[in-house]
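Asker:
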Amino acid sequence: MNKKQKKMLARIVIAAVLMIALNFAPVQGALRFILYMIPYLVIGYDILLKAARGIRNRQVFDECFLMAVATIGAIALALCESGDYTEAIAVMLFYQVGEWFQSYAVGKSRRNISELMDIRPDHANVEKDGKLEKIDPDEVAVGTLIVVQPGEKVPIDGTVIEGTSALDTAALTGESVPREICPGEEIISGCINLSGVLKIRTSKEFGESTVSRILDLVENASSRKSRSEAFITRFARVYTPAVCISALALALIPPLVLMLAGMQPQWGSWVYRALTFLVISCPCALVISIPLSFFAGIGGASNAGVLVKGSNYLEILSKTKTVVFDKTGTLTRGVFEVNAIHHSIIAEQQLIEYAALAESASSHPISRSLQKAYGEPIDRSRVSDVHELSGRGVIATVDGVKVAAGNGRLMKELGVPYQECRSIGTIVHVALDGRYAGHIVISDMLKPTSKEAVQALRRCGVSRSVMLSGDKPETAAAIGKTLGIDEVYGGLMPDDKVFKVEELIAGRKNEREKIAFVGDGINDAPVLSRADIGIAMGAMGSDAAIEAADVVLMDDDPLKIAKAIRISRKCLCIVYENIVFAIGIKLICLVLGAMGIANMWLAIFADVGVMIIAVLNAIRALFVKKL
18 MNKKQKKMLA RIVIAAVLMI ALNFAPVQGA LRFILYMIPY LVIGYDILLK AARGIRNRQV
78 FDECFLMAVA TIGAIALALC ESGDYTEAIA VMLFYQVGEW FQSYAVGKSR RNISELMDIR
138 PDHANVEKDG KLEKIDPDEV AVGTLIVVQP GEKVPIDGTV IEGTSALDTA ALTGESVPRE
198 ICPGEEIISG CINLSGVLKI RTSKEFGEST VSRILDLVEN ASSRKSRSEA FITRFARVYT
258 PAVCISALAL ALIPPLVLML AGMQPQWGSW VYRALTFLVI SCPCALVISI PLSFFAGIGG
318 ASNAGVLVKG SNYLEILSKT KTVVFDKTGT LTRGVFEVNA IHHSIIAEQQ LIEYAALAES
378 ASSHPISRSL QKAYGEPIDR SRVSDVHELS GRGVIATVDG VKVAAGNGRL MKELGVPYQE
438 CRSIGTIVHV ALDGRYAGHI VISDMLKPTS KEAVQALRRC GVSRSVMLSG DKPETAAAIG
498 KTLGIDEVYG GLMPDDKVFK VEELIAGRKN EREKIAFVGD GINDAPVLSR ADIGIAMGAM
558 GSDAAIEAAD VVLMDDDPLK IAKAIRISRK CLCIVYENIV FAIGIKLICL VLGAMGIANM
618 WLAIFADVGV MIIAVLNAIR ALFVKKL
């Protein structure tokens, strides 16, 4: 609890004790009134002041005005009739209890998000004259060498120059397993260094670093309202004046009708009904619990490594029925690796060595994959007479052996008979001195959880999965079949992917069924922006993803897509529960109040009780670990 909450709790306890004690005090008349005003003012002075300010600023109709009118009216009735001020104090007391619960719930949600905010670094260590100097991260220029010691947060994005360590990325990704980091690897701000000392060359200013972008995203999430929130805001603007006018009509019209009919007007009874009606009608449960549900949902999602840019996107995500995947980096690792070697007439490692050396002058991803598989430093002095043949491969002399490495077209041109390969991926055929030596299969590896992720989406109500790929249609189709994806489109350029998503949007039968696009954020910004909702995966360090996407998954596990949808649906379910429950109970109690069946105590339950139940229900949106 913060200081303000502790102060409010003390006021609640003092007012409650005084109210109970005064029920046993043998005092009457003016002294009784004065004594009861003490707990009333202790618990309600701030509500009365807010109501007065609202009247002065011509913003009359809010819950403070309703509470002030209802309680002052109840006190006036007690003065004129029974002298029982307990109901007036109880209305204000339980209203403040509800406000305290609401404040505590919001605080809990904020603390959940503030755990994410703990990724903000306090300082950066810069080495000067052989000593470490702590400076503000904002003052660190691009290219500065900074030192991160064990237990410290990485303050700015950069590249590890020296040192190895394990990183705690839980605050960013929601994953508890530490990630190993070595020299030459990119490192992002917000991670916690667990073991070794790291020297990092910064690649960005602090304001452009991952940690700053994420914090800005989360802090601004509440400004993007969902349709449900917008509806509640509009509803409250119309509803509150309407119930005030209805209460006034209830207090005046029936007594006047009775007077005209020559009967007793019973002013006290009808005014009491009107005051009860006012207390019941207070829209706190809706006005507080609906935004709180979304706020808690965004907080819970952030703890799971799912950053949602606003409650409007949470609402759209819950209605997603079609998920469109970009293949590379989303369902596959986006890194080409040697997957197999077939029909080799020499040792497999020797075949890799010849191919890697022959391709060493090329900057093509295939060349990098071969060099990685070779695993040794490339000695360029062993390579001569290199001829790169566009779209076919390369011919070079390696250690005096003429090596041809490329596709089937190259083998045909050289007149070398070769073995066809049905494996999925890029096939590099190798010929040594004009003799076929075998072929190497290089492919983009599927992520281990990709197939399970597609199944998880189907289980959570996504009826259609689509994969877009720049690969050859037959390669894309084979991957799609392996993963169980419904529709696969291959051979697409980035512009084609935008067109295909637009085609899917135009062709849907129901506007309420939303289409999500999932990409890795590298070349997907146009498509992420065009879909109903854009989801960027593995977005740690990807500025384009954080800018273009509506939902950002901080690691590259495709299972998080289904989790994000389940979180959004749980949140929306809670929102609808609160709307139906609050409106239903209030309508029943309003009718009972107008008929004179409900007294002020039932009115207190209809207002404060409903609000507390709705707030406690809203807090459930925070708990998403088991989803």
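644 is the number that my numbering gives the last residue of the sequence shown; the numbers go up by one with no jumps.
Every residue, glycine too, gets a C-beta built ideally from N, C-alpha and C.
Values in this document were obtained by computation on a predicted structure and should not be read as measured data.
Are PRO138 and PRO167 closer than 8 Å when you measure CB to CB?
Answerer: To locate residue 138, count along the sequence shown from 1; it is residue 121. To locate residue 167, count along the sequence shown from 1; it is residue 150. No, they are not a contact pair.
Asker: Residues in the same chain with beta-carbon distance under 6 Å from ASP541, minus the five sequence neighbours each way, listed in chain order, please.
Answerer: Translated into the one-based positions of the sequence shown, residue 541 becomes position 524. ASP343.
Asker: Please state whether the Cβ-Cβ distance between ARG290 and GLY610 is less than 8 Å.
Answerer: In the sequence shown, counting from the first residue as 1, residue 290 sits at position 273. In the sequence shown, counting from the first residue as 1, residue 610 sits at position 593. Yes, these two residues count as a Cβ contact at 8 Å.
Asker: Quick one: Cα of LEU324 to Cα of ILE552, how far?
Answerer: On the sequence shown, residue 324 is found 307 positions in, with the first residue counted as 1. On the sequence shown, residue 552 is found 535 positions in, with the first residue counted as 1. LEU324 and ILE552: Cα-Cα distance of roughly 10 Å.
Asker: Give the DSSP bridge partners of PHE353, in chain order.
Answerer: Walking along the sequence shown from the start, residue 353 turns up at place 336. Bridge partners of PHE353: ASP461.
Asker: Can you tell me whether LYS587 is buried or exposed? The criterion is at least 16 other CB atoms within 10 Å of its CB, across all chains shown.
Answerer: Within the sequence shown, numbered from 1, the residue matching residue 587 stands at position 570. Counting Cβ neighbours within 10 Å, LYS587 comes out buried, since at least 16 surround it.
Asker: Strictly by DSSP, which residues pair up with SER401?
Answerer: Taking the first residue of the sequence shown as 1, we reach residue 401 at position 384. According to DSSP, which records beta bridges pairwise, SER401 is partnered with THR414.
Asker: Rounding to the nearest angstrom, what Cα-Cα distance links LEU149 and HIS140 in this structure?
Answerer: For the purposes of this step, residue 149 is identified with residue 132 of the sequence shown, where counting begins at 1. For the purposes of this step, residue 140 is identified with residue 123 of the sequence shown, where counting begins at 1. Near 11 Å, if we compare the C-alpha coordinates of HIS140 and LEU149.
Asker: With distances taken Cα to Cα, identify the nearest neighbour of PHE534 among GLY501, PRO490 and ALA579.
Answerer: The sequence position of residue 534 within the sequence shown is 517, counting from 1. Taking only the C-alpha atoms, the option nearest PHE534 is ALA579.
Asker: Please classify LEU449 as buried or exposed, where buried requires at least 16 other C-beta atoms within 10 Å of its C-beta.
Answerer: In the sequence shown, the residue the question calls residue 449 occupies position 432. LEU449 comes out buried.
Asker: Strictly by DSSP, which residues pair up with PHE534?
Answerer: Walking along the sequence shown from the start, residue 534 turns up at place 517. DSSP lists VAL341 and GLY551 as partners of PHE534.
Asker: Counting beta carbon pairs with one atom in the segment 71–83 and one in the segment 20–33, are three or more of them shorter than 8 Å?
Answerer: With a cut-off of 8 Å, the segment 71–83 and the segment 20–33 do not count as touching, because too few Cβ pairs lie within range.
Asker: Taking all protein chains shown into account, do 16 or more other C-beta atoms lie within 10 angstroms of the C-beta of PRO490, making it buried, or fewer, making it exposed?
Answerer: In the sequence shown, the residue the question calls residue 490 occupies position 473. Looking at its Cβ environment, which holds fewer than 16 other Cβ atoms inside 10 Å, PRO490 is exposed.
Asker: Is it a yes or a no for the segment 619–627 touching the segment 357–377, going by three-plus beta-carbon pairs under 8 Å?
Answerer: Output reads no: the segment 357–377 does not touch the segment 619–627.
Asker: Which residue marks the beginning of the alpha helix (DSSP H) containing LYS517, and which one marks its end?
Answerer: Here the question's residue 517 lines up with position 500 in the sequence shown. Residues 511–524.
Asker: Would VAL165 pass as a contact of LEU215 if the rule is Cβ separation under 8 Å?
Answerer: Taking the first residue of the sequence shown as 1, we reach residue 165 at position 148. Taking the first residue of the sequence shown as 1, we reach residue 215 at position 198. Their beta carbons are under 8 Å apart, which means VAL165 touches LEU215 by this criterion.
Asker: Suppose you measure from the CA of GLY508 to the CA of THR492; what does that come to, to the nearest Å?
Answerer: Here residue 508 corresponds to residue number 491 of the sequence shown, with the count starting at 1. Here residue 492 corresponds to residue number 475 of the sequence shown, with the count starting at 1. The alpha-carbon atoms of GLY508 and THR492 are separated by roughly 9 Å.
Asker: Starting from the C-beta of ALA313, find all residues in its chain whose C-beta is less than 7 Å away, skip the five residues before and the five after it, and write them out in chain order.
Answerer: Your numbering for residue 313 matches position 296 in the sequence shown. Within the same chain, ALA313 has close Cβ partners SER126, ALA635, ILE636, ALA638 and LEU639.
Asker: Does DSSP put GLY558 in a helix, in a strand, or in coil?
Answerer: Taking the first residue of the sequence shown as 1, we reach residue 558 at position 541. Note that GLY558 scores a pLDDT of 47, beneath 50, so its modelled location is shaky and nothing firm can be said.
Asker: Looking only at its chain, what residues have a beta carbon closer than 8 Å to the beta carbon of MET428, apart from the 5 residues adjacent to it on each side?
Answerer: Along the sequence shown, one-based indexing puts residue 428 at 411. Counting only Cβ-Cβ distances below 8 Å, and skipping sequence neighbours, we find ALA421, PRO434, TYR435, HIS446, ALA448 and TYR453.
Asker: Should ALA91 and LEU65 be called a contact, given that it needs their Cβ atoms to be closer than 8 Å?
Answerer: As a working mapping, residue 91 is identified with position 74 in the sequence shown. As a working mapping, residue 65 is identified with position 48 in the sequence shown. Contact: no.
Asker: Hey, how far is the Cα of THR181 from the Cα of ILE204?
Answerer: The sequence position of residue 181 within the sequence shown is 164, counting from 1. The sequence position of residue 204 within the sequence shown is 187, counting from 1. Answer to the nearest angstrom: the Cα atoms are 12 Å apart.
Asker: Alpha carbon to alpha carbon, how far is ASP513 from ALA523? Give it in angstroms, no decimals.
Answerer: Within the sequence shown, the letter at position 506 stands for residue 523. Within the sequence shown, the letter at position 496 stands for residue 513. In a straight line, the C-alpha of ALA523 is about 15 Å away from that of ASP513.
Asker: Decide if LEU648 is buried, meaning its Cβ has at least 16 other Cβ atoms within 10 Å, or exposed.
Answerer: Missing from the structure shown is residue 648; the chain here goes from 18 to 644 and no further.
Asker: Flag this pair as touching only if the segment 391–402 and the segment 474–488 have three or more C-beta atom pairs under 8 Å; answer yes or no.
Answerer: Output reads no: the segment 474–488 does not touch the segment 391–402.
Asker: To the nearest angstrom, report how far apart SER120 and ARG525 are at their CA atoms.
Answerer: Locating residue 120 in the sequence shown gives position 103, where the first residue counts as 1. Locating residue 525 in the sequence shown gives position 508, where the first residue counts as 1. Distance between the alpha carbons of SER120 and ARG525: 43 Å.
Asker: Candidates ASP101, ARG529 and MET617: which alpha carbon is nearest GLU332's?
Answerer: Numbered from its first residue, the sequence shown carries residue 332 at position 315. Nearest C-alpha to GLU332: ARG529.
Asker: Using CA atoms only, rank isn't needed, just tell me which of LEU463, GLY451 and GLY432 is closest to GLY442.
Answerer: By 1-based counting over the sequence shown, the position of residue 442 is 425. Checked all of LEU463, GLY451 and GLY432; the closest Cα to GLY442 is LEU463.
Asker: Curious, which full-length beta strand (DSSP E) runs of at least 3 residues does the segment 177–220 contain?
Answerer: If we require 3 residues or more, the beta strand (DSSP E) runs fully inside the segment 177–220 come out as 182–185, 196–198 and 215–219.
Asker: Look at the alpha carbon of ALA494 and the alpha carbon of ILE532, and state the distance between them as a whole number of angstroms.
Answerer: As a first step, residue 494 must be located in the sequence shown, where it is residue number 477. As a first step, residue 532 must be located in the sequence shown, where it is residue number 515. Straight-line Cα distance between these residues: approximately 21 Å.
Asker: Is there contact between the segment 594–614 and the segment 299–309, where contact requires at least three CB pairs shorter than 8 Å?
Answerer: Yes: the two stretches touch, three or more of their Cβ pairs being nearer than 8 Å.
Asker: Which value, in whole angstroms, describes the spacing of the CA atoms of ALA105 and THR88?
Answerer: Position 88 of the sequence shown, counting from 1, holds the residue named residue 105. Position 71 of the sequence shown, counting from 1, holds the residue named residue 88. Cα to Cα, the separation comes out at about 5 Å.
Asker: Could you tell me the distance, in whole angstroms, from the CA atom of GLY213 to the CA atom of THR161?
Answerer: Position 196 of the sequence shown, counted from the start, is the residue given in the question as residue 213. Position 144 of the sequence shown, counted from the start, is the residue given in the question as residue 161. Rounded to the nearest angstrom, the two C-alpha atoms are 20 Å apart.
Asker: Determine the direct distance from the alpha carbon of TYR593 to that of ILE11, and round the result to whole angstroms.
Answerer: Residue 11 lies beyond the residue range present for the chain, which begins at 18 and ends at 644; the question has no answer from this structure.
Asker: On the CB-based measure, 16 or more other CB atoms within 10 Å of its CB, does MET280 come out buried or exposed?
Answerer: Residue 280 sits at position 263 when you count from the first residue of the sequence shown. Under this definition MET280 is an exposed residue.
Asker: Between HIS381 and HIS456, is the Cβ-Cβ spacing less than 8 Å?
Answerer: As a position in the sequence shown, residue 381 is number 364, starting the count at 1. As a position in the sequence shown, residue 456 is number 439, starting the count at 1. The answer is no: Cβ separation not under 8 Å.
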